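Engineer: Sequential numbering of the sequence shown, starting at 1, is according to UniProt numbering. Here it is: the structure, laid out below.
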Amino acid sequence: MQESPSFTLFPNLPPELRTRIWQHALPVIGPAICRYRKGLWHPRYLQPGDEGYHPDLEDKIDLEFRPDLVIQIPVELPLILVNSEARHVALEWVREYGIKIPPQGDDHTCMRPFDPQRDTIYVETSQIEDFYNAPWERMFEDDLANRMISSNLRPKNVAISEMAIRNNEIKPLALAMNNYASHIFVIVGEQPDFEGLWEVDDSRGRSVFWNCKKLCFEMGDGEYITDEGLYGCFEEGKRDFLEDLLDFGDLEIRPAFAVRR
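What follows is the structure, encoded as structure tokens:
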């Protein structure tokens with residue numbers, strides 16, 4: 001077996017340069033796509049100073065969508081096994097991103113929490129009803145039943161399959177309005193099987209934007225990564241929800257690819 005090339009003069013480089021090289025060897029955290037699962041809604045008991053806190057209300061509870069408390073995403077970090085210098089750089093980096101290092105000394109697969117601003121929840125066709133009903137069902141569990149509850153923290157990025165829309169199994173507008181999502185990714189082509197790490201590649205798809213002021217869809221930049229018939233499904237769905245859309249905020253629907261990393 002041919003040995004990998006090595007740079008034998010690396011230890012002689014200035015420490016600052018070696019540190020910079022180790023930093024460039026750190027992985028890039030992309031927008032992960034994770035399968036929806038139950039148990040993502042959690043109550044938060046508001047305290048004075050919290051947004052939404054009202055001292056006159058008996059119940060001060062906000063039901064939040066918190067996948068970061070449940071979903072962990074793998075991050076491959078072989079740098080922690082190279083040497084003490086590389087490990088020091090890696091440890092500083094993991095603290096910045098809240099990444100957990102495995103307890104086993106020979107394992108370089110770390111875990112990071114789901115980032116609601118960056119990562120995406122993928123809802124399979126069979127999960128759509130559960131996704132719709134989850135917040136309401138949580139409110140009727142024993143610890144929250146018959147109590148006044150607000151809900152401000154909702155899903156931001158949601159993904160569904162292209163075929164679910166084409167087969168009229170789900171309308172992206174319904175998915176957005178029920179959960180206040182602001183970005184709906186329509187996954188074109190291969191769907192994630194969630195073996196290993198999957199990410200959303202939205203660099204090419206042409207978006208459709210719902211303009212709440214003009215009450216119409218507007219085409220964004222980008223290329224068609226699927227036929228234009230998919231975009232017609234968005235327009236058809238508008239007719240079913242026009243009355244509700246009068247009070248709905250802006251929304252981006254973007255065809256995208258799911259990529260295995």
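All C-beta atoms, glycine included, are put in the ideal place defined by N, C-alpha and C. Note that the structure is predicted; figures quoted are calculated from it, not measured.
Under DSSP, the beta strand (DSSP E) around Met-219 begins and ends at which residues?
Structural biologist: 216 to 219
Engineer: Name the two residues that bound the continuous beta strand (DSSP E) containing Tyr-122.
Structural biologist: Tyr-122 -> beta strand (DSSP E) spans 120 to 122.
Engineer: In three-state terms, what does DSSP make of Tyr-36?
Structural biologist: coil
Engineer: Between Arg-206, Cys-233 and Cys-216, which lies nearest to Ala-256 when the distance is taken from Cα to Cα?
Structural biologist: Arg-206
Engineer: Pull up the DSSP beta-bridge partners for Lys-100, would you.
Structural biologist: DSSP lists Met-111 as the bridge partner or partners of Lys-100.
Engineer: Please classify Arg-112 as buried or exposed, where buried requires at least 16 other C-beta atoms within 10 Å of its C-beta.
Structural biologist: buried
Engineer: Using a 10 Å radius around the Cβ and a threshold of 16 neighbouring Cβ atoms, would you call Asn-12 buried or exposed?
Structural biologist: Exposed is the call here.
Engineer: Less than 8 Å between CB atoms is the rule here; does Val-188 satisfy it with respect to chain C?
Structural biologist: Reference to chain C is not applicable here, since this structure consists of a single protein chain.
Engineer: Looking only at DSSP bridge pairs, what is Val-200 linked to?
Structural biologist: In the DSSP output, where bridge partners are listed per residue, Val-200 has Ala-258.
Engineer: When DSSP labels each residue in this structure, what does Ala-181 get in the three-state scheme?
Structural biologist: coil
Engineer: Have a look at Gly-189 and Ser-161 and give me their C-alpha separation to the nearest angstrom.
Structural biologist: 9 Å
Engineer: Beta strand (DSSP E) containing Asp-62: first to last residue?
Structural biologist: 61 to 65
Engineer: Going by DSSP, which residues form a beta bridge with Asn-157?
Structural biologist: Partner(s): His-183.
Engineer: May I ask which residues mark the beginning and end of the alpha helix (DSSP H) holding Tyr-132?
Structural biologist: 128 to 139
Engineer: Where do the N-terminal and C-terminal ends of the beta strand (DSSP E) with Glu-76 fall, by residue?
Structural biologist: 72 to 76
Engineer: Assuming Pro-74 contacts Leu-40 under a Cβ cut-off of 8 Å, what Cβ separation, rounded to an integer in Å, is found between them?
Structural biologist: Not really, about 19 Å apart at Cβ, beyond 8 Å.
Engineer: Who are the near neighbours of His-54 in its chain, counting only those whose CB is closer than 8 Å to its CB and skipping five residues on each side?
Structural biologist: Lys-60
Engineer: So, helix, strand or coil for Asn-211, using DSSP?
Structural biologist: DSSP, read as helix, strand or coil, puts Asn-211 in strand.
Engineer: In this structure, what does DSSP give as the bridge partners for Trp-41?
Structural biologist: Phe-65
Engineer: Which residue marks the beginning of the alpha helix (DSSP H) containing Glu-16, and which one marks its end?
Structural biologist: 15 to 24
Engineer: So Leu-26 and Ala-90 are in contact, right, with Cβ under 8 Å, and what is the actual spacing, rounded?
Structural biologist: 7 Å
Engineer: Once you ignore the five residues that flank Phe-114 on each side, which residues in its own chain have a CB closer than 8 Å to its CB?
Structural biologist: Ala-32, Cys-34, Pro-67, Asp-68, Val-70, Ile-71, Gln-72 and Ile-73
Engineer: Please classify Asn-211: is it buried, with 16 or more other beta-carbons within 10 angstroms of its beta-carbon, or exposed?
Structural biologist: Asn-211 counts as exposed, since fewer than 16 other beta carbons sit within 10 angstroms of its beta carbon.
Engineer: Reducing DSSP to helix, strand and coil, say where Gly-205 ends up.
Structural biologist: strand
Engineer: Whose CA, out of Glu-199, Thr-120, Met-163 and Phe-65, lies closest to the CA of Met-139?
Structural biologist: The shortest C-alpha to C-alpha distance from Met-139 to any of Glu-199, Thr-120, Met-163 and Phe-65 is the one to Phe-65.
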